[in-house]
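Participant: Quick one: structure below, then a few questions.
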């Protein structure tokens, strides 16, 4: 275990991608025909970043953050809200030993410790009629599958036979969901909740050996939370943005703006629901991308071997007048990082960056969290629920539950 205590600002060192896999398709488990040299990385059972880290210092010094913290100080101690993001990979990696899995979830959530336990868990790739968190101590408050805004695993992967082989047969036609859970006995109480569809109604067509069909439905589930004595509410949101080796093939045409639009719809929903200046939104989920696109990074490698060679992509590029490889990759870069640009453009602040480590089993940080204004982050930690599949890394956990690590953030409001 490593704790970066104040005033340390040392980052947690992590590796680059070793196998060529899309940042958005770790659950598929099918590496593309490429391998990069994996840089050595420090391995920790729990990677912790404190408010003293560089990113936190910048947030704490912003005017919006100072105002919020000053108000909290006038009331006394600031309110703590602990949020965890968790991709369950539609239980494809979930162990048969339910009791052992439950204990692993209890340790990850820190349930039983009111100071550290997650108040809210944002789940992606859950299954509508499977609830493993109730027995841990969490109540389901929002589920996209309960209101008809979800599709089956089969539909979400465009009936791709190779992908479906990685999914247990009994789960292939179950609804794949975004969900929100609230800790039983939390100081935060539920006021309202719901589900919004954020994906466009599009048909993916274009040939070139690409999967075709209606764009898989994407949703955002939300819950409005309140705490006794606190001005304003907190709107917790969970989403899983479009992307993956099927949908990324259409980045030049139909989906060129889709990832940005989905993010803007989440932001717009909060603005419509906002009731006063003290209201805050926290969005957590799988963004299917790293925050930064580097020419020598994993998204570039994925593009070179998993996207650019597609005959359909080449045809789209010619039709769009993208005559050079550089111009085409620049378009792909814009497509991939557009959710982050949309949030920054709306003056939202990310709770953590690459210093926290990796969240996918392929060495990426694809699970992110952001707030509608800068707020103080007391602690941020990765909870290891998977092992790395590339680079011959030693295991992080003896009992993998999914192909993602959870990320847990404690906010001081």
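In the numbering used here, the protein residues as written are 2 to 414.
All C-beta atoms, glycine included, are put in the ideal place defined by N, C-alpha and C.
As the structure is a prediction and not an experimental result, all values here were calculated from the model.
#1: Can you give me the start and stop residues for the beta strand (DSSP E) that residue 226 sits inside?
#2: Helix, strand or coil for residue 386? Go by DSSP, reduced to three states.
#3: Any chance you could list the beta strand (DSSP E) runs of at least 3 consecutive residues sitting entirely within the region 328–372, in chain order?
#4: Just tell me which of 220, 205, 225 and 240 has its CA closest to the CA of residue 249.
#5: Going along the chain, which residues of its own chain have a beta-carbon closer than 6 Å to the beta-carbon of residue 173, five neighbours each way excluded?
#6: Is it buried or exposed, residue 190, if we count other Cβ atoms within 10 angstroms and call 16 or more buried?
#7: Any idea what DSSP makes of residue 178, helix, strand or coil?
#8: Output the boundary residues of the alpha helix (DSSP H) element that contains residue 165.
#9: Considering only residues of the same chain and omitting the five flanking positions on each side of residue 117, which have a CB-CB separation below 6 Å?
#10: Considering residue 292, what are the terminal residues of the alpha helix (DSSP H) in which it resides?
#11: Among 89, 142 and 215, which residue has its Cα nearest to the Cα of residue 181?
#12: Sort 209, 200 and 385 by Cα distance to residue 311 and report the nearest one.
#13: Identify, in the order they occur along the chain, each residue of the same chain with its Cβ nearer than 6 Å to the Cβ of residue 127, setting aside the five sequence neighbours on each side.
#14: First and last residue of the beta strand (DSSP E) that includes residue 191?
#15: Considering only residues of the same chain and omitting the five flanking positions on each side of residue 195, which have a CB-CB separation below 7 Å?
#16: Spell out the partners DSSP gives residue 409 in its beta bridges.
#17: Pull the bridge partners of residue 139 from the DSSP assignment, please.
#18: Relative to the C-alpha of residue 187, which candidate in 272, 106 and 82 has its C-alpha closest?
#19: Using a Cβ-Cβ cut-off of 8 Å (strictly less than) and excluding sequence neighbours within five positions of residue 105, which residues of its own chain qualify?
#20: What separation, rounded to the nearest whole angstrom, lies between the Cα atoms of residue 91 and residue 407?
#21: How long is the line joining the alpha carbons of residue 163 and residue 274, rounded to whole angstroms?
#22: How far does the alpha helix (DSSP H) with residue 314 in it extend, from its first residue to its last?
#23: Would the region 334–345 and the region 258–270 be scored as touching if the rule is three or more Cβ pairs under 8 Å?
#24: Hey, residue 270 and residue 197 are a contact pair by Cβ (cut 8 Å); roughly how many whole angstroms apart?
#25: Whose C-beta lies closer than 6 Å to the C-beta of residue 192 among residues of the same chain, with five residues either side of it excluded?
#26: Residue 86 and residue 300: beta carbons closer than 8 Å?
#27: As a quick exercise: from 245, 268, 350 and 97, pick the residue whose alpha carbon is nearest that of residue 289.
#28: By the 10 Å Cβ neighbour count, where 16 or more other Cβ atoms means buried, how is residue 184 classified, buried or exposed?
#29: Are the beta-carbon atoms belonging to residue 366 and residue 264 less than 8 Å from one another?
#30: Do you know offhand how far residue 201's Cα is from residue 99's?
#31: Looking at the strands, I want to know which residues DSSP matches up with residue 241.
#32: Using DSSP with H/G/I as helix, E/B as strand and the rest coil, what is residue 73?
#33: Closest to residue 171 by CA distance: which of 93, 212, 321 and 213 is it?
#34: Tell me whether residue 414 is buried or exposed, calling it buried when 16 or more other Cβ atoms sit within 10 Å of its Cβ.
#35: Residue 214 by DSSP, collapsed to three states: which one?
#36: Three-state secondary structure (DSSP) at residue 203?
Facilitator: This is what the structure holds:
#1: Looking at the DSSP string, the run of the beta strand (DSSP E) that includes residue 226 is 220–228.
#2: coil
#3: 368–372
#4: 205
#5: 154, 155 and 165
#6: Residue 190 comes out exposed.
#7: Looking at residue 178 - three-state DSSP - the assignment turns out to be strand.
#8: 162–166
#9: 111
#10: Unbroken run through residue 292: none, as it is neither H nor E.
#11: 142
#12: 209
#13: 89, 178 and 180
#14: 189–198
#15: Around residue 195: 143 and 223.
#16: Beta-bridge pairing by DSSP links residue 409 to 85 and 382.
#17: 184
#18: 82
#19: Excluding residues within five positions, the ones whose Cβ falls inside 8 Å are 386, 398, 400 and 402.
#20: 15 Å
#21: Straight-line Cα distance between these residues: approximately 42 Å.
#22: 312–320
#23: yes
#24: 6 Å
#25: 225 and 227
#26: no
#27: Checking every option, the nearest Cα to that of residue 289 belongs to 245.
#28: Under the 10 Å beta carbon count, residue 184 is surrounded by 16 or more other beta carbons and is classified as buried.
#29: no
#30: So the alpha carbons of these two residues sit roughly 38 Å apart.
#31: 287
#32: Residue confidence for residue 73 is low, a pLDDT of 45 falling below 50, so the modelled location carries little weight; the figure read from the coordinates is stated next. Note: residue 73 maps to helix in three-state DSSP.
#33: 93
#34: It counts as buried.
#35: Note: residue 214 maps to strand in three-state DSSP.
#36: Secondary structure of residue 203 (DSSP, three-state): coil.
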